[in-house]
Structures are given as structure tokens and as C-alpha cells.
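Asks:
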Amino acid sequence: MPLDILPSVCPHDCPSACALEVERIDGNRIGHIRGARSQTYTHGVVCAKVARYAERQHHPERLTQPLRRTGDKGVGHAAFAPVSWGDALDEVADRLTRAAQRHGSESVWPYYYSGTMGLVQRDGINRLRHAMRYSREDLTICSMLTGTGWRAGIGVLRGVDGREIAKSDLIVVWGGNPVSTQVNVMTHVTIARRERGAKLVVVDPYRTASAEAADLHLAPLPGTDGALACAVMHVLFKEGYADRAYMARYADDPVGLEAHLATRDPAWAAAITGLPEDAIVDFARLYGCTRRSYIRVGYGFSRSRNGSAQLFAVTCLPTVTGAWQYEGGGALQSNHGLVALDRTLLEGLDVLDPSTRILDQSRIGPVLTGDCRDLGDGPPVAALFVQNTNPMVVAPESGLVRRGFARDDLFVCVHEQFMTETAAMADIVLPATTFLEHDDFYTAGAHTYLQMSRAVLPPYAECRSNHDVVRALARRLGADHPGFAMTPLELIDHTLRASRLPEVAEFPADGWLDCCPPFETDHFLDGFGHADKKFHFRPDWAGLGRDHALLPAFPDHVAVTDDGDPERPFRLVAAPSRSFLNTSFNNTPSGVAREGRPTALLHSAALSRLGLADGDRVRLGNAKGSVVVHARAFDGMQPRVVVVEGVWPDHAFEEGVGINLLTSADPGVPRGGAVFHDTSVWLRPA
Ligand code: SF4
């Protein structure tokens, strides 16, 4: 059994973008996948779901050939019949053309997200979009609220090298659960604890596996992290932990900030967050007396109507103490802005017509059901071409999404690896390659490497890559752009050259190029990203988004959340599970076995008030609908909080619709963003 070990890069929607070593067996199958040791952020570690990727790669339910729907929407495989690639692509091109002729080109909406993070395979759909003047897509579903909040103070989307966590004396994981969702953070935390005796603090509304591992866990109510951050800063100023010399040099208005925070004391924050006043003070003192303090800023607490404001408030902490200036100090949310790539060729930016409309991907439900807040005077969406995402399940307010996809007058083509809930609603389904079957390159959120990977396996069955499908459609549609004539490697090569980076032939042989800037830049000692080079305690919210009216001048608690009422007293957090990644991996046997079934974590006080016992069925609901899950007693959170982990497939729920039936498509402020953890619900025995 000949075995090769080949380098690759994890393409999944996860900040770690791990460098991989893939066992290839007989040239056709994979065995284990390990983390590459020579890539010093991955450090030889990957998560369990990718270590056993063979389950997904060789899953018996992989799509093998193009399909045309012959039965009802939503049924799945039984409602489809095989069709040739040529006929399938001809039909898709014909239907997109007819939609454009009837309603205008903006009635076609190419819809995608991060099922792969590879820049060639993920973003080529934009080249087709721009060449055809199809509707543009506002990418709000994951990182809009974080990116806006981060840039508010810092001005540029990068932070301190994640490897410096290992050199820190205090790591604060704020709004994330890296044990489950970003295992590499814990690698570097473990080194810091072992070698420096570092402390770990986790801020999260429930006691996650990461919180279990922490020295201190703070569990504020969802949507109140901004208040906690303000009270911490109040203590930092009051008790002499603020680095006034640092702020005088590097911040815009520290005097104004201190005056503003005078009334944001721990008692004020305790009333908002539900945390004990003492716990807030203890945390503030620990943070204040530790120079090398590193905040790993997660996504969880951004998924709220006030998420950008909350995230901004947290980024102010290392500026108040001056932690940015020390090795092992500062903060990181994402490094996707670190490498300045010229994306013209990848995305066809040179043929983009800025007058084409932009539709918010998180509001696909309202968009498809004709909400005038989204469509204005424009045409309805008459045709969807979907790659790399499963909006029927992952998008908020999924009842509306379902109604939209059910429209008889909507044509849908889905290019996918599996018969997802979205594929089951399509007219044409096309089988897609996995990352192991195509070439691509990747930036990363968590580290500083630009990484390239080559195909490890030939395409499975009749699967084709996103790039191949996009260029085949472009040919049929008459879309003109030099990028359509190139191979993925040629696209990568041209993009690297245009970005003044080492071209393909000069790229490191293992595929990872460390783009970490020098210490002064990495730590913003040569200035933050704004024109005045200062950190902004007074952000220009108006410059960041049009819905800025409710955002305050300084960091604050912004009370715009769905904070419930007597009818809906519980706060629902739809958190990620360890074994799934959005809906990727929610069909692999070992992951499903580990996760069990859709489950609501309920405080024992809530359980007894409802007359329920551990394991009983409970119905969660609000005006959008209700779902039934099993309850599990769990006291690691405030009694008002309910947690349902994992984006389970719809069929795992008794009534065939998943948890996003309850979440809202309201946009976060000021620039949009999905508010998955900002939902109030009622609970009843089922
Ligand atoms: S931790 Fe994230 S990037 Fe690394 S292998 Fe797992 S899913 Fe992929």
C-alpha cells in the first residue's frame, strides 16, 4: 500500500487555516491528516474533524454527477435525475440569460460564502458576477460585525502575531471557544502556561470547554460585553493601571475617554451584565497589573445587534494599559487584512460596475421573499447560482429563506459536495471537488502565513472545481475576462506578481510563506491604521456604516439588543459545536456520534421552573416559529441563557427545521452583520 505524505492547507471557514500533512494511499485515497510542524502557528496540531477528514472526503453521499430536479423541492436525491455536464451547464446558462433578459441582469444573484476559504475557488464567482453585471453580495454573515468593530479603533484588519500568545503572561479569550473551534490557540496558550505560568481568562456567556480550562471564567449575559469592557477600563483608570504616557502618544482622546468612563463603574456593569461586581474588579486588576496581556478576540460576542460596538470596546483595553507595546501583549481578531493582495484578476475588479446593486447575504430570506427594504425599486431575484454555502440552514430567519427558495418562479443552481438542504431546493445540482482535488491559495485570520496548496487527489467521480464551473459558465454566457482563460496556478502566479510577492516558482516548497511584519509594525508602534496613526477612542462610526445614529462617541454599552420581554424571557445563544463547522461535517459519522442530538443547555433553575428534567423535550419559540430539542441541565451560565450548539441538519429536528428558524435577519449596526446570538425566546415543555 504505497503511502505519500503531501502538504496541503485546510480550506474550511476557520481562522486557523492549518498547514496540513496528508497521507495519500495508492494515489486515490487519503488516510490521516496531521498538522504540519514546519508551519509554526499550526505547530503540528489540527482539530479532530480534519484529522479524520477521510470520513468526509470518501463519504458515500458525496455528489458524483450533475443532477436535474424532476420531483418536488426539498425532497433530496429521490427528486433528481442524472444529466450530462454539457446539458446541465447549458441549462444553467440559459436560465440565467432568460432571467437577465426578462428582469435585468441584477435579477441574477451569484451567492457564495466560505465553504472554502481558497481565494481562487471561493472568489472566482465574483469575476463572473462583475463581468455580467449581476447583483453584488454584501458579505455580512460572519465577519462584518467583527471587522467593523476592530477597524473602529485600530483602523486596519490585523493584530499581533498569534504565536506571541506563547510569550504572554495573561491570555484573555473573549467571545470564543478555541478548544472546540480553534484548537491552535490552545497550543500556544499551553506553551505560555507551561513556560511562563501564564493565566487564562475566558469571557463567554456559558462555560465552554475553553472556560473549563481557564483560571477565570466570566459569563456575562449575551450582548453586554461592552459594559464589562467599560467597567474594566473604569478600574484601570481609577486604580492607576492606565498607561497615560502610552495613550498620550498613541491614542486620540484619552482624557475624554477617562471622563466618559467615570460613571461606568463595576456596579453599573454588574447590573447590565449580571456578573458580580467583585469578579469585574478582580479581572480588571489582573489585566491591569499584567504587561504581557494578550486578548484573543473571538466572533461570538459580535453576533449581536451591538456586536461592532462591543468588539470595539474590548479593543480599547490594551490601548488603556499600553499592552500593545510589549512582546506577548496586545490583541488579535483577524489577520485577513495583513497581506495586501491585488485581487483584480481573482475577482474581476477591473470590470466591476459600481452602480450594480448590493444585496445583503444575511438577509437572503427577506431578499428572496421580496422585502422592499432590500430590493427597493429593483427587480426581484429570479435566479440564484450558489457555491460554498448552505443558506437554507445557516442563514438567519430560515423560515423566510425556505419560503424564498420554494418560489416557483425562482431558478436555482447549486454547486456542492453533498446534497445539502439548499441543493435539495435547486433545479440543477453540480458536484464539486474538495480542497484535496484542486489547487488554491489562502490568507488566514489567526496567523501571518500566505499558503498555497496543490491537488493531492484527482477529482472524485465527475466532480469539477468552482473555477472550472465558473469559467464554463462564463464561456456560455459570453462573459469576457482574462481570468477565465487561466488555470488556478496561473491565477495565483499573476496575483502574486501583481501583489509584489514571491511568484509560484519562488514560493517556499512546503507552501507556506510567513508575511509577519517587523515587531514595530505588528505592535502598532509605528502607528495604528488611521490617517492620524492613533488608536481611536472616538471612532468615526459614520465613516464605517450608515446605521450609526445609535452608536455613542466613546466605548459604551449599546442597548439595541433583543433583550426579551415577559413573554420571551430567555436569551438564546446558537453556538458552534466542536464537531461541526457551520454545516460542514454535520454528516460525518464520528462527529454526529459525538454531538448526539440537538440539545438545549438549560440552567437547572429554569428547568425546575418549567417542570422539566434533564433529557426531557423542550420547545423554544418566538414570533418566527418554534423548534423542539432535548434539554440538558447545565449550570455554567446565568439562568436566563439557553445554549443550542451546532448547526445541525434540518432533518435532525423533530419538525424538520433547524435553530435558525428563531434567529433574526435584522442587521447589526452600523454596517450590517448577522446577529445569531441576539435572540430572545420562550420555553415550554414539548
Ligand atoms: S482547526 Fe480549523 S483550520 Fe485547523 S484543521 Fe481544524 S477546521 Fe481546519
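For the sequence shown, the residue numbers in the working numbering are 49 to 734. Cβ coordinates follow ideal geometry from the N, Cα and C atoms, glycine included.
Grouping DSSP H, G and I as helix and E and B as strand, with all else coil, what is Gly447?
Replies: Start at 1 with the first residue of the sequence shown, and residue 447 comes out as number 399. Here Gly447 sits in helix by DSSP.
Asks: Alpha carbon to alpha carbon, how far is Val552 from Gln499?
Replies: The count along the sequence shown starts at 1 and reaches residue 552 at position 504. The count along the sequence shown starts at 1 and reaches residue 499 at position 451. If I take the Cα positions, the gap works out to 11 Å.
Asks: Should the segment 634 to 651 be regarded as contacting the segment 673 to 685, the criterion being three or more beta carbon pairs within less than 8 Å?
Replies: The segment 634 to 651, when compared against the segment 673 to 685, does touch it at the 8 Å Cβ threshold.
Asks: Would you kindly report the start and end of the unbroken beta strand (DSSP E) that includes Ile239?
Replies: As a working mapping, residue 239 is identified with position 191 in the sequence shown. Unbroken run through Ile239 is the alpha helix (DSSP H), 231 to 244; no beta strand (DSSP E).
Asks: Is Val231 near the ligand ZN, judged by its Cβ being under 7 Å from some heavy atom?
Replies: Because the ligand ZN does not appear in the structure shown, any question about it cannot be addressed here, the ligands present being the ligand SF4.
Asks: What I want to know is whether the C-beta of His91 ends up closer than 7 Å to one or more non-hydrogen atoms of the ligand SF4.
Replies: The count along the sequence shown starts at 1 and reaches residue 91 at position 43. Outside the cutoff, so no.
Asks: Name the one or two DSSP bridge partners that Gln149 has.
Replies: The residue labelled residue 149 in the question sits at position 101 within the sequence shown. DSSP output for Gln149 lists no bridge partner at all.
Asks: Since I believe Gly223 is in contact with Tyr347 (beta carbons under 8 Å), could you give me their beta-carbon distance rounded to a whole number of angstroms?
Replies: To locate residue 347, count along the sequence shown from 1; it is residue 299. To locate residue 223, count along the sequence shown from 1; it is residue 175. That belief holds up - the Cβ atoms of Tyr347 and Gly223 are roughly 7 Å apart, short of 8 Å.
Asks: How would you label Met49, buried or exposed, when you count the other beta carbons within 10 angstroms and need 16 or more for buried?
Replies: Reading the sequence shown from its first residue, position 1 is the one you call residue 49. Exposed is the call here.
Asks: Where Glu185 and Ile406 are concerned, what is the direct C-alpha to C-alpha distance, given to the nearest angstrom?
Replies: Taking the first residue of the sequence shown as 1, we reach residue 185 at position 137. Taking the first residue of the sequence shown as 1, we reach residue 406 at position 358. If you take the alpha carbons of Glu185 and Ile406, they lie about 5 Å apart.
Asks: Pick out whichever of Arg333, Pro506, Leu521 has its Cα sitting closest to the Cα of Lys286.
Replies: Taking the sequence shown and counting its residues from 1, the one referred to as residue 286 is at position 238. Taking only the C-alpha atoms, the option nearest Lys286 is Arg333.
Asks: Here's a check: name, in chain order, each residue in its chain whose Cβ is nearer than 7 Å to the Cβ of Pro253, leaving out the five neighbours to either side.
Replies: By 1-based counting over the sequence shown, the position of residue 253 is 205. Only Ala267, Pro268, Leu269, Pro270, Val621, Met685, Val689 meet the Cβ criterion.
Asks: Residues bridged to Asp408 by DSSP?
Replies: Within the sequence shown, residue 408 is the residue found at index 360, counting from 1. Note: Asp408 sits in a beta bridge opposite Asp186.
Asks: Return the chain-ordered list of same chain residues with a C-beta closer than 6 Å to the C-beta of Ser547, the five sequence neighbours on each side being excluded.
Replies: What you label residue 547 is simply residue 499 of the sequence shown in a count that begins at 1. Excluding positions up to five away in sequence, the list reads Leu389, Asp390.
Asks: Could you tell me whether the Cβ of Leu407 comes closer than 8 Å to any Cβ of chain D?
Replies: Absence of chain D from the displayed structure is noted, only one protein chain being present.
Asks: Return helix, strand or coil for Cys461, following the three-state DSSP convention.
Replies: Position 413 of the sequence shown, counted from the start, is the residue given in the question as residue 461. Strand, per DSSP.
Asks: Please state the DSSP three-state secondary structure of Trp560.
Replies: Translated into positions along the sequence shown, residue 560 becomes position 512. Strand at Trp560.
Asks: Just to confirm, does Val98 get its C-beta within under 7 Å of one of the non-hydrogen atoms of the ligand SF4?
Replies: Numbered from 1 along the sequence shown, position 50 holds the residue referred to as residue 98. Checking every heavy atom of the ligand SF4 against the Cβ of Val98, one is found closer than 7 Å.
Asks: CB of Leu380 to nearest heavy atom of the ligand SF4: below 7 Å?
Replies: As a position in the sequence shown, residue 380 is number 332, starting the count at 1. Not under cutoff, so the answer is no.
Asks: Taking 7 Å as the cut-off, does the CB of Val94 come closer than this to any heavy atom belonging to the ligand SF4?
Replies: Numbered from 1 along the sequence shown, position 46 holds the residue referred to as residue 94. Flag set: Cβ of Val94 near the ligand SF4.
Asks: Any idea what DSSP makes of Met500, helix, strand or coil?
Replies: Stepping through the sequence shown from its first residue, residue 500 is reached at position 452. In the structure shown, Met500 sits in a strand (DSSP, three-state: E or B).
Asks: Could you give the distance in angstroms between the alpha-carbon of Gln87 and the alpha-carbon of Gln230?
Replies: Here residue 87 corresponds to residue number 39 of the sequence shown, with the count starting at 1. Here residue 230 corresponds to residue number 182 of the sequence shown, with the count starting at 1. If I take the Cα positions, the gap works out to 16 Å.
Asks: To the nearest angstrom, how far is the alpha carbon of Asp217 from that of Arg411?
Replies: Along the sequence shown, read from residue 1 onward, the residue named residue 217 stands at position 169. Along the sequence shown, read from residue 1 onward, the residue named residue 411 stands at position 363. Taking the straight line from one Cα to the other gives about 42 Å.
Asks: Which of helix, strand or coil does DSSP assign to Pro439?
Replies: Walking along the sequence shown from the start, residue 439 turns up at place 391. Looking at Pro439 - three-state DSSP - the assignment turns out to be helix.
Asks: Are the segment 597 to 611 and the segment 582 to 589 touching by the rule of at least three beta carbon pairs closer than 8 Å?
Replies: Touching, yes.
Asks: Arg116: which of Gly426, Val460, Arg199 sits nearest, CA to CA?
Replies: Residue numbering aside, residue 116 sits at position 68 when the sequence shown is read from its first letter. That would be Val460, whose Cα lies nearest to the Cα of Arg116.
Asks: State yes or no: is the C-beta of His60 nearer than 7 Å to some heavy atom of the ligand SF4?
Replies: As a working mapping, residue 60 is identified with position 12 in the sequence shown. Because some heavy atom of the ligand SF4 lies under 7 Å away, the Cβ of His60 counts as near it: yes.
Asks: Just verifying my parser: in three-state terms, what is the DSSP assignment at Ser228?
Replies: Within the sequence shown, the letter at position 180 stands for residue 228. DSSP places Ser228 in helix when its eight states are reduced to three.
Asks: Between which two residues does the alpha helix (DSSP H) harbouring Glu393 extend?
Replies: Looking up residue 393 in the sequence shown gives position 345. What sits at residue 393 in the sequence shown is Leu, not Glu. Element bounds for Leu393: 392 to 395.
Asks: Measuring from the CB of Ala65, is there a heavy atom of the ligand SF4 at a distance below 7 Å?
Replies: Residue numbering aside, residue 65 sits at position 17 when the sequence shown is read from its first letter. Answer for Ala65: yes, Cβ within range of the ligand SF4.
Asks: For the putative contact between Gln113 and Pro479, defined by C-beta atoms under 8 Å, what is the C-beta separation to the nearest angstrom?
Replies: For the purposes of this step, residue 113 is taken as residue 65 along the sequence shown, with counting starting at 1. For the purposes of this step, residue 479 is taken as residue 431 along the sequence shown, with counting starting at 1. Contact holds; Cβ gap of about 6 Å.
Asks: What residue range does the beta strand (DSSP E) around Pro587 cover?
Replies: Taking the sequence shown and counting its residues from 1, the one referred to as residue 587 is at position 539. First-last for Pro587: undefined, no H or E at that position.
Asks: Beta strand (DSSP E) containing Lys672: first to last residue?
Replies: Working through the sequence shown from its first residue, we reach residue 672 at position 624. Per DSSP, Lys672 belongs to no beta strand (DSSP E) and is neither H nor E.
Asks: Comparing C-alpha positions only, which one of Ala713, Thr338, Arg340 sits nearest to Gly447?
Replies: The residue given as residue 447 occupies position 399 in the sequence shown. The residue with the shortest Cα to Cα distance from Gly447 is Ala713.
Asks: Please indicate yes or no: does the CB of Leu54 lie closer than 7 Å to some heavy atom of the ligand SF4?
Replies: For this step, residue 54 is matched to residue 6 along the sequence shown. For the ligand SF4, not one heavy atom lies less than 7 Å from the Cβ of Leu54.
Asks: According to DSSP, Pro733 sits in a beta bridge with which residue or residues?
Replies: Taking the first residue of the sequence shown as position 1, residue 733 is located at position 685. Pro733 pairs with Val666.
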